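Let me begin by presenting the structure, written as structure tokens, before commenting on it.
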């Protein structure tokens, strides 16, 4: 009962804050114009698939999803309403669980149709010279990657509590592994594949998802790895939330 009440409160707060609403809307809208852009400019690589080209803009959309997760909690710390939240729901773990449920469910529900629409748009606009790719179950994994990115942003926001610092940190976590992976020799396949961005590029079968760029882990192992450390980050955030005065 307490969790259901906390979830209802989180939904009310979420849709009343413009920054989270508009960032979430941009996350859902971005993939389809990206597919149109790729088709209009003829920028699809010869070795790319329709799926990979159509979902090109899911990468920046994924970054926005992580920002949404961070803003869900950092916004409350910035405005001071987090005190009211904890007064209404004293169990802080329940508060974070409600936020995580809302972020994960909302991003999944929005990103799955958005990614599907982007793929269908690319399929309709592109010529038949490119391979289709395998949209299923890849599209389901893409939506899951968005949820994981949002939860990672929530975990970082819970630990840092400052919006600018949290956003900068979570963007670094999404982008740096693929850039720094080659510096770690044999461990590159783990380092480069440990971000939601790497998992996403593998899932959409992008020509940019080479072993050198995002590691040699497959799409689903990469997503599993990312999910695992996101769960650990959320656990650390929960412990931190319970120890602090606010």
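Residue numbers (the numbering used here): 72 to 317. Even glycine gets a Cβ: it sits at the ideal position worked out from N, Cα and C. None of these values were measured; they are calculated from a predicted model.
- DSSP places residue 120 in the coil class of the three-state scheme, outside both helix and strand.
- Residue 224 counts as buried, since no fewer than 16 other beta carbons sit within 10 angstroms of its beta carbon.
- Under the DSSP assignment, residue 231 falls in the alpha helix (DSSP H) whose first and last residues are 206-231.
- C-alpha of residue 92 to C-alpha of residue 135: approximately 11 angstroms in a straight line.
- The alpha carbon of residue 230 has as its nearest neighbour, out of 254, 76 and 314, the alpha carbon of 314.
- Residue 288 carries a coil assignment under DSSP once its states are collapsed to helix, strand and coil.
- If one requires a minimum length of 4 residues, the alpha helix (DSSP H) runs lying completely within the region 138-171 are 153-159, in chain order.
- Relative to residue 242, the option among 140, 167 and 84 whose CA is nearest is 140.
- For the pair residue 266 and residue 253, the Cα-to-Cα distance works out to about 15 angstroms.
- The Cβ atoms of residue 167 and residue 213 do not sit closer than 8 angstroms to each other.
- Contact between residue 210 and residue 187 holds, with the beta-carbon distance rounding to 6 angstroms and staying under 8 angstroms.
- In the three-state reduction of the DSSP assignment, residue 266 falls in the coil class, being assigned neither a helical nor a strand state.
- For residue 246, the enclosing alpha helix (DSSP H) begins and ends at 234-251.
- A distance below 7 angstroms between beta-carbons, with the five flanking residues on each side excluded, links residue 110 to the following residues of its chain, in chain order: 193, 196 and 197.
- The region 198-208 makes contact with the region 108-123, as at least three CB pairs between them are under 8 angstroms.
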